[in-house]
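> Residue numbers (the numbering used here), protein chains in the order written: chain A, 332 to 484; chain B, 332 to 484; chain C, 332 to 484; chain D, 332 to 484. Take this structure, written in structure tokens, and hold onto it; I'll ask about it next.
There are 4 protein chains.
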Amino acid sequence: MKGVLNKDQIAALGIAGGWTMGLPDFVRYGDLDTYNHVNNKVYHAWFENIRVLYVRSLGVDFEASMEIKPVVRSASIIFNAPMFQDEEYITLCRISRLGRTSFTIDYAVWVAGVLRVTGDSVMVMVNADASAAVPVPDNLREIMITHDGAKTE
Amino acid sequence: MKGVLNKDQIAALGIAGGWTMGLPDFVRYGDLDTYNHVNNKVYHAWFENIRVLYVRSLGVDFEASMEIKPVVRSASIIFNAPMFQDEEYITLCRISRLGRTSFTIDYAVWVAGVLRVTGDSVMVMVNADASAAVPVPDNLREIMITHDGAKTE
Amino acid sequence: MKGVLNKDQIAALGIAGGWTMGLPDFVRYGDLDTYNHVNNKVYHAWFENIRVLYVRSLGVDFEASMEIKPVVRSASIIFNAPMFQDEEYITLCRISRLGRTSFTIDYAVWVAGVLRVTGDSVMVMVNADASAAVPVPDNLREIMITHDGAKTE
Amino acid sequence: MKGVLNKDQIAALGIAGGWTMGLPDFVRYGDLDTYNHVNNKVYHAWFENIRVLYVRSLGVDFEASMEIKPVVRSASIIFNAPMFQDEEYITLCRISRLGRTSFTIDYAVWVAGVLRVTGDSVMVMVNADASAAVPVPDNLREIMITHDGAKTE
């Protein structure tokens, strides 16, 4: 996508942490709630959007009928500081942990050198009807380890 | 805002219609619904976002307590063709009609030369507690007529 | 669905207009925007939710792959008065107009005897890949005319 | 609010766990995503909606200008099983932990005896401009301990 940043472009901006995808944007009116700041739910939307972009960029198809696909098992988020209309930010992600059938994606919202919000989600690879966990395929393991620097267990 | 297009930049892209603000973006996962296309409600969000940006750019403050502020009285939308994940588009707006206490904003979603969705909203200027309509201030009338080419009644 | 009102139940509440489905609810925090009132987009969500319930209740399947399905061609909405947190309301709908390949659904948000917001959407019946309009099936025409009182053209 | 369940009503339904507020509802079309199941973000909306209702029921005012107000510091969520259109559910909450300036709210989505999704959020009491944490007022501590059974630290 136009505007999406890769690992090298993120590092060139002086953003530490080995993030492997970045999506620059600015806060819209529709992101705000009654406090005039970005609503908590909106960060989950930003994280979901970049997760789908990133996992697809690894060659994973999110079609519901796929034989192997990742699903979100759990998620957590920390709100360090609020965000306001017009603020420019970069949503960041990287795969930080790799298990046999699961992996963890870390997220952050970066504004002028500060991480306003951070989070992560644990993804589990499942079969077509999501009835069983399946091993992360070897080609994905390779990328997660070498490109993302994911820690194996 | 970074990336927001003005009237001249829009015209330079060959987009006809005298649009006075454009906001380029691409379709995110969160914009989709069960049909795998952009949900109808999302276009209203795009129109709202650019409306707030544009009306603020005219010097109008949207704070609830303002003595004079615009509120949406009605809106309409036409869905010409669906949109899908990753598609790049430009949301466009301009003020097309100017009455004594109201004005109409036109909207469109432009994708590679075609308007996928068009719409408009009728805005009414009201007093602080929204109990009465008030005339559009002269300085705004001037901009709407000369910059946006709004038709007066 | 539990709580969904039919035509007789709506009439028994003294709500005029021949509405054929009603969905009672109350305003949640997430419906509000920076003005502390229900955001304009939220009414579109309410209308969409009841439309899907109602059209499904007529036996129409919304699966993307269906041979005949309704799509939204256009929509309009009028905001008569704002709504606030905790307010109890009933979203209403009925099919008001029936053409050869299209029909119109009217919507309203009723609060204690007053319609705060009204709207409608023009639906077109299309074939599986939405490449052509197709006639509204006879069994649906029958219901729309006799149960909803839709005006034919 | 009509339909909101209190602690005794929840227990009377056989729902274990000491939940102190319950909000029954059913899945709407707008809750779904491309998988035809409830989107992950929607659970955060349900949790936010019941949190605001519950904390307000304790006498806490959420106005941005209040001298003491709770803000969300962090949140986590576990997705046990997906949810689908029309499913009836009850969103539940209770205050499970009480610190000096913070407290934890637990959430769950209950469907026919099973918790499909669980989560929690850590709330911090802050001063008017959110520049400093302040102690949870004694009258709230009392309710959290006696009514919610919150564990103190």
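Just so it is clear, CB atoms sit at the ideal spot from N, CA and C, and this is done for glycine as well.
Counting only Cβ-Cβ distances shorter than 9 Å, please list the residues of the region 361-381 of chain B near chain D, keeping chain order.
If the cut-off is 9 Å between Cβ atoms, the region 361-381 of chain B has G361, L363, D364, T365, Y366, N367, N370 and K372 near chain D.
> So P401(C) and M475(C) are supposed to be a Cβ contact under 8 Å. How far apart are they, rounded?
With a Cβ gap of about 11 Å, P401(C) and M475(C) do not count as contacting.
> Within 8 Å of any Cβ in chain D, is that where the Cβ of F357(C) sits?
Chain D, which has a Cβ nearer than 8 Å to the Cβ of F357(C), makes this yes.
> What would DSSP say about E364(D), mapped onto helix, strand or coil?
A small fix is needed here, since residue 364(D) is Asp in this sequence, not Glu. Here D364(D) sits in coil by DSSP.
> Considering only the alpha carbon of each residue, which of V448(A), G345(A) and D392(A) lies closest to P413(A)?
Taking only the C-alpha atoms, the option nearest P413(A) is V448(A).
> Of all the CB atoms in chain A, is at least one closer than 8 Å to the CB of R387(D)?
It does not; no Cβ of chain A falls within 8 Å.
> What's the gap between the Cα of V467(B) and the Cα of M456(B)?
Going by the C-alpha atoms only, they are around 6 Å apart.
> For S281(D) and E418(D), I'd like the C-alpha separation in whole angstroms.
Missing from the structure shown is residue 281(D); chain D here goes from 332 to 484 and no further.
> Using only alpha-carbon positions, find the residue among V383(B), N411(B), D362(B) and W350(B) that is nearest to A481(B).
Nearest C-alpha to A481(B): W350(B).
> Does the distance from the CB of I426(C) to the CB of Y374(C) come in under 8 Å?
No, these two residues do not count as a Cβ contact at 8 Å.
> Could you say which of G390(B), M397(B) and V386(B) lies nearest to N458(B) if we only look at CA atoms?
The residue with the shortest Cα to Cα distance from N458(B) is M397(B).
> What are the boundary residues of the alpha helix (DSSP H) that T477(D) is part of?
Residues D469 to T477.
> Going along the chain, which residues of its own chain have a beta-carbon closer than 8 Å to the beta-carbon of D340(C), five neighbours each way excluded?
The question names Asp, yet the displayed sequence has Gln at residue 340(C). Cβ within range, chain order: G353.
> How close, in whole Å, do the beta carbons of V403(D) and F410(A) come, if the pair is a contact with beta carbons under 8 Å?
That pair is a contact at about 6 Å.
> By the 10 Å Cβ neighbour count, where 16 or more other Cβ atoms means buried, how is T435(A) classified, buried or exposed?
The residue is buried, with at least 16 neighbouring Cβ atoms inside 10 Å.
> Report the rounded CA-to-CA distance for W441(D) versus N371(D), giving the unit in angstroms.
Cα to Cα, W441(D) sits roughly 15 Å from N371(D).
> So with CB distances below 8 Å, who are the chain C contacts of S405(B)?
Simply S407, I408, I409 and F410.
> I want to see whether chain C comes within less than 8 Å of K400(D), judged by CB atoms only; does it?
No, no contact with chain C.
> Nearest by alpha-carbon distance to F378(D): which of R359(C), V391(C) and L363(C) is it?
When each option's Cα is compared against that of F378(D), the closest is R359(C).
> Buried or exposed: which applies to S433(C), given that a residue is buried once 16 or more other Cβ atoms fall within 10 Å of its Cβ?
Buried, by the Cβ-count rule.
> Alpha carbon to alpha carbon, how far is G348(D) from R472(D)?
Cα-Cα distance, rounded: 20 Å.
> Pick helix, strand or coil for I409(A), following the three-state DSSP scheme.
Residue state, collapsed to three classes: strand.
> Buried or exposed: where does V369(A) fall if 16 or more other Cβ atoms within 10 Å of its Cβ makes it buried?
When all chains shown are included, V369(A) counts as buried.
> What are the residues of the region 432-452 of chain D that lie near chain C, defined by any Cβ-Cβ distance shorter than 8 Å?
The residues in question: there are none.
> Would you decide whether A439(C) is buried or exposed? Buried here means 16 or more other CB atoms lie within 10 Å of its CB.
A439(C) is buried by the Cβ-count criterion.
> Considering Cα atoms alone, identify which of G361(D), D364(D), P355(D) and A376(D) is closest to G361(C).
For G361(C), the nearest C-alpha among the options comes from A376(D).
> If we count the other Cβ atoms within 10 Å of its Cβ and call it buried at 16 or more, is R431(D) buried or exposed?
By the neighbour-count rule (16 or more Cβ atoms within 10 Å), R431(D) is not buried but exposed.
> What residue range is occupied by the uninterrupted beta strand (DSSP E) comprising I426(B)?
Segment E419 to L429, the beta strand (DSSP E) holding I426(B).
> My assumption, with CB atoms under 8 Å, is that R382(A) sits in contact with C424(A). Please give the rounded CB distance.
Correct: roughly 6 Å between the Cβ atoms.
> By the three-class DSSP mapping on this structure, what secondary structure does S388(A) have?
Reduced to three states, the DSSP call for S388(A) is helix.
> I need the straight-line Cα distance from G390(B) to P355(A), nearest angstrom please.
If you take the alpha carbons of G390(B) and P355(A), they lie about 26 Å apart.
> Per DSSP, which residues does S433(D) bridge with? Please list them.
Answer by DSSP bridge pairing, in chain order: V455(D).
> For the beta strand (DSSP E) holding D356(D), just list the boundary residues, first then last.
Here the beta strand (DSSP E) through D356(D) covers M352 to F357.
> Take Y385(B) and list the residues in its own chain whose beta-carbon comes closer than 6 Å to its own, dropping the five residues that flank it on each side.
Closer than 6 Å at Cβ, skipping near neighbours: M352 and C424.
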